[in-house]
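Engineer: FYI, the numbering used here numbers position 26 of the sequence shown as 6, with every residue one higher than the one before it. Heads up, the beta-carbon is just placed ideally off N, CA and C, and yes, glycines get one too.
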Amino acid sequence: MEKKRYWYNPLQFSRHMLTMPFGIKMIAAVIFLYYLGWGIVAPFLPLYYKSILGSYTSVGIATALLPLFSLIIDIPVGGIVNKVSRVWVIRIALLLYLPFSILLLSLKSLPHFIIFRLYHSAVSTPFWIASDSYARGHAPRWKAAEAISVYDVGGTLSLIIGPAIGGILFVYFDFSILYAISLFAGVALFATFFLPDGEQHEKAGDAVKELVYNDGVYKRSFVEFMQNRLLVKMYGFYFLLRFCMSFVAMLLPLFMKEFGASNLQIGLVFALYYLPLIFEPYFSVYARNKKVMSMGLALFAVVFVSLFFNNQLTFIFFHSILLSLLFAAIIPMINGRIAELMPQEQIGELSGVGMMFSHAADFIGPITAGIISDALGIKYVFLLGAAVAVVLTALSLRKGFRQVLFS
């Protein structure tokens, strides 16, 4: 009865979400401000990359360099985050984000992108892991899916509002809108001073020294991660889903540009793409619903196949919203389950290992999409997405794997 009451009474459900701990609501606000700058520029980054680099493959490489470099440092960063103040890690990272816009606008070639992505990964990886660990650490065990969904919606709202604003601003300021990244990083930095930070932690210098002199940090973290078999399987499942979604955000603006969409239309469609994700908290109350998982994944495959056969902008609008809606229905089940499976005392390190799965998917997806797009055309990437969605559907229907997802 509780789930139906929330579903039919959004106001009551919203009040329920507001009962989350202050730390969850505040980190969601920080994430909102941080991603608002990125949201404004997100629809136009692939276009900016292509204007400099030329081919889809190069755009894929430029996009994938960030998760590749982050993949290398995920575990040691996770180890440090597990020992020091997560709030201070977030603040330092945001401080180092301030010169981003100037650096991004100065790029002229692929070597420049490589250097820039090295710096980007060194700043963003601690921020992602620290904020993710902070949210998981403050999520009540009995409301894990709902709490993580509130945290996720902070970023989602900015990726809805941002592209709509960016589509309008781009008409007047062209790629100068990239300055929004640094501007909102500064506002987010100010907001971090309201984050509760009552954790017991080591000094940053001691944590780094311990990491440097402990040669077994990778081995130890992997051993701890691999011992949690259910968590390994959950992240493997999440890897495949993330792989599908990683190339959609990159290809959507480029795909629309092929059919003559204006910059304003691209911005608005990007906003519509993320719009359904604000309903993630509503879906989170169905975090144990097996039918939602299986049907959602099956529809993923159908939408990808349909994108392959449709060439009209109207259909792209509709399909982008549907893809996002399906993702919003499925992701709370995965994130909530992951939060349940992580021991509190290992959240930092395990989040670092788990983040490697996300970064691996974000690395492989865009490069694969770029190569296929240059060789066969953008549309054929959607067939690959459909095939992966079919595999995920089959896994969700297997009796043995259902125990991993829902036990």
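(1) For the pair the stretch 306 to 325 and the stretch 202 to 222, tell me if three or more CB-CB distances fall below 8 Å.
(2) Using only the alpha-carbon positions, how far apart do Val370 and Glu204 sit?
(3) Measuring CB to CB, does Ala115 end up less than 9 Å from Ala9?
(4) Within the stretch 11 to 52, note down every full alpha helix (DSSP H) run reaching 4 residues or more, in order along the chain.
(5) According to DSSP, is Gly3 helix, strand or coil?
(6) Assign Leu415 to one of three DSSP states: helix, strand, or coil.
(7) Excluding five sequence neighbours on each side, which residues of the same chain lie with their C-beta closer than 6 Å to the C-beta of Phe362?
(8) Can you tell which of Ala127, Ala110, Leu74, Ser111 has its C-alpha closest to the C-alpha of Tyr99?
(9) Report the three-state DSSP secondary structure of Asp132 (helix, strand or coil).
(10) Is Asn291 buried or exposed, if buried means 16 or more other CB atoms sit within 10 Å of its CB?
(11) Quick check: what's the CA-CA separation for Val167 versus Leu13?
(12) Taking a contact to mean a Cβ-Cβ separation below 9 Å, would you say Ala44 touches Arg222 in this structure?
(13) Apart from the five residues just before and just after Val67, which ones in its own chain have a Cβ nearer than 6 Å to its Cβ?
(14) Ends of the alpha helix (DSSP H) at Lys237?
(15) Grab me the residues of Thr373's own chain with a C-beta within less than 7 Å of its C-beta, minus the 5 sequence neighbours each way, in chain order.
(16) Is the beta carbon of Leu234 less than 9 Å from the beta carbon of Ser353?
(17) Tell me which residue opens and which closes the alpha helix (DSSP H) that Thr172 is part of.
(18) Quick one: Cα of Leu375 to Cα of Phe219, how far?
(19) Within the chosen definition, does the stretch 21 to 31 reach the stretch 305 to 313 through at least 3 CB pairs nearer than 8 Å?
(20) Cβ atoms of Gly345 and Met225: under 9 Å apart, would you say?
(21) Under a Cβ-count criterion, where at least 16 other Cβ atoms within 10 Å of its own Cβ denotes burial, should Ala367 be classed as buried or exposed?
(22) Give a yes or no on whether the C-beta atoms belonging to Phe250 and Leu158 are separated by under 9 Å.
(23) With DSSP collapsed to three states, give me the class of Val64.
(24) Report the rounded CA-to-CA distance for Tyr34 versus Leu257, giving the unit in angstroms.
(25) Can you tell which of Gly19, Leu51, Leu90 has the C-alpha that lies nearest to the C-alpha of Lys30?
(26) Near Arg378, which residues of its chain fall below 7 Å by C-beta distance, leaving aside the five closest residues on each side in sequence?
(27) Compute the Euclidean distance between the alpha carbons of Gly58 and Leu293, then round it to the nearest angstrom.
(28) How would you label Ile82, buried or exposed, when you count the other beta carbons within 10 angstroms and need 16 or more for buried?
(29) Run through DSSP, which three-state label would Arg378 get?
(30) State the DSSP-derived secondary structure class of Lys(-17), mapped to helix, strand or coil.
(31) Does DSSP classify Ala241 as helix, strand or coil?
Structural biologist: Working from what's here:
(1) yes
(2) By one-based count along the sequence shown, residue 370 stands at place 390. By one-based count along the sequence shown, residue 204 stands at place 224. If you take the alpha carbons of Val370 and Glu204, they lie about 31 Å apart.
(3) Residue numbering aside, residue 115 sits at position 135 when the sequence shown is read from its first letter. Residue numbering aside, residue 9 sits at position 29 when the sequence shown is read from its first letter. Taking 9 Å as the Cβ cut-off, Ala115 and Ala9 do not qualify as a contacting pair.
(4) With a minimum length of 4 residues, the unbroken runs of alpha helix (DSSP H) contained wholly in the stretch 11 to 52 fall at 25 to 33.
(5) Residue numbering aside, residue 3 sits at position 23 when the sequence shown is read from its first letter. In the structure shown, Gly3 sits in a helix (DSSP, three-state: H, G or I).
(6) What the structure shows of the chain is the stretch from -19 to 387, and residue 415 is not part of that stretch, so it cannot be assessed.
(7) Residue 362 sits at position 382 when you count from the first residue of the sequence shown. For Phe362, where only same-chain residues beyond five positions count, the Cβ hits under 6 Å are Phe284, Leu287, Phe288.
(8) If you number the sequence shown from 1, residue 99 lands on position 119. When each option's Cα is compared against that of Tyr99, the closest is Leu74.
(9) Mapped onto the sequence shown, residue 132 falls at position 152. It is helical.
(10) As a first step, residue 291 is located in the sequence shown; it is residue number 311 there, counting from the start. Exposed is the call here.
(11) Against the sequence shown, residue 167 aligns to sequence position 187. Against the sequence shown, residue 13 aligns to sequence position 33. If I take the Cα positions, the gap works out to 7 Å.
(12) Start at 1 with the first residue of the sequence shown, and residue 44 comes out as number 64. Start at 1 with the first residue of the sequence shown, and residue 222 comes out as number 242. No.
(13) Taking the sequence shown and counting its residues from 1, the one referred to as residue 67 is at position 87. Contacts found: Leu175, Asp177.
(14) Locating residue 237 in the sequence shown gives position 257, where the first residue counts as 1. It spans 209 to 238 - the alpha helix (DSSP H) in which Lys237 sits, taken as one unbroken run.
(15) Mapped onto the sequence shown, residue 373 falls at position 393. The answer, listed in chain order, is Ser274, Leu277, Ala278, Ala281.
(16) In the sequence shown, the residue the question calls residue 234 occupies position 254. In the sequence shown, the residue the question calls residue 353 occupies position 373. Yes, the Cβ-Cβ distance between Leu234 and Ser353 is below 9 Å.
(17) As a working mapping, residue 172 is identified with position 192 in the sequence shown. Thr172 -> no alpha helix (DSSP H), and no H or E assigned at all.
(18) To locate residue 375, count along the sequence shown from 1; it is residue 395. To locate residue 219, count along the sequence shown from 1; it is residue 239. Cα to Cα, the separation comes out at about 13 Å.
(19) no
(20) Here residue 225 corresponds to residue number 245 of the sequence shown, with the count starting at 1. Here residue 345 corresponds to residue number 365 of the sequence shown, with the count starting at 1. Yes.
(21) To locate residue 367, count along the sequence shown from 1; it is residue 387. Per the 10 Å Cβ criterion, exposed.
(22) Here residue 250 refers to the residue found at position 270 when the sequence shown is read from its first residue. Here residue 158 refers to the residue found at position 178 when the sequence shown is read from its first residue. For Phe250 and Leu158, no; Cβs fall outside 9 Å.
(23) Mapped onto the sequence shown, residue 64 falls at position 84. Coil.
(24) By 1-based counting over the sequence shown, the position of residue 34 is 54. By 1-based counting over the sequence shown, the position of residue 257 is 277. Here the sequence assigns Gly to residue 34, which means Tyr is not the residue at that position. One C-alpha to the other measures close to 32 Å.
(25) Along the sequence shown, read from residue 1 onward, the residue named residue 30 stands at position 50. It is Leu90 whose Cα lies nearest to the Cα of Lys30.
(26) Here residue 378 is taken as the residue at index 398 of the sequence shown, counted from 1. There are no such residues.
(27) Residue 58 sits at position 78 when you count from the first residue of the sequence shown. Residue 293 sits at position 313 when you count from the first residue of the sequence shown. Each residue's alpha carbon lies about 42 Å from the other.
(28) Position 102 of the sequence shown holds residue 82. Classification of Ile82: exposed, given that the 10 Å Cβ count is below 16.
(29) As a working note, residue 378 is residue 398 in the sequence shown. Secondary structure of Arg378 (DSSP, three-state): coil.
(30) Working through the sequence shown from its first residue, we reach residue -17 at position 3. Note that Lys(-17) scores a pLDDT of 41, beneath 50, so its modelled location is shaky and nothing firm can be said.
(31) The residue given as residue 241 occupies position 261 in the sequence shown. Here Ala241 sits in coil by DSSP.
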